[in-house]
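A.B. asks: One structure, pasted below without further comment.
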Amino acid sequence: MNIISTKEAPAAIGPYSQAIVTGNLIYTSGQIPINPANGNIEATDIAGQTEQVIKNLKAVIEAAGSSLDRVVKTTCFLQHIQDFATFNSVYEKYFTVKPARSCVEVAALPKGALVEIEVIAEK
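In terms of my numbering, the sequence shown opens at residue 28 and continues consecutively.
Here's what the structure looks like:
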C-alpha cells in the first residue's frame, strides 16, 4: 500500500491521505474545490467548483501514476441536486470514458463547497 501526496492538489484537511494505491487500484479521498495555491474556494458556482475539483483529482491521480481516462468509478456529492445538469456538463468533458458513477445530494460539504468527488482508478 502506498500513500499518495502532491502539492498540486489541496493538502488533506483531516487525518487522511489524498489517495492510497493498493495493487493496481488508486482510491482517492474526496476532493472539494480548494485551489491548492492559496487554500481557498474561489469559484462560487457549481460549474467553476466542479472544474476545480476535477483539476485536483487529476493532480492526485497523476501523482499516483495514472490519468482521468483510467477512472473506473466516481462518487459525487452535490449540495443541491438541482445543480445536476450543470455539474454533468462539466463532468462529461473530463470523464469521457464514462466510468461507473453514483451522484447524491448531501446536506452539507466541508468549507461550504457545492461539490465533492472521489474516484477509483486503475494504475
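The beta carbon of each residue, even a glycine, is placed where N, CA and C say it ideally should be. Small disclaimer: the values here were computed from a predicted structure and weren't measured.
Any idea what DSSP makes of Glu116, helix, strand or coil?
C.D. replies: Per the sequence shown, residue 116 should be read as Ser rather than Glu. Reduced to three states, the DSSP call for Ser116 is helix.
A.B. asks: So Ala74 and Gln106 are in contact, right, with Cβ under 8 Å, and what is the actual spacing, rounded?
C.D. replies: With a Cβ gap of about 14 Å, Ala74 and Gln106 do not count as contacting.
A.B. asks: Between the Cα of Val48 and the Cα atoms of Ala140, Val87 and Ala39, which residue gives the shortest distance?
C.D. replies: Val87
A.B. asks: Considering Leu84, what are the terminal residues of the alpha helix (DSSP H) in which it resides?
C.D. replies: Start and end: Ile73 to Ala90.
A.B. asks: If I'm right that Thr55 touches Phe114 with Cβ under 8 Å, what's the distance once you round it to whole angstroms?
C.D. replies: So it is not a contact: roughly 18 Å between Cβ atoms.
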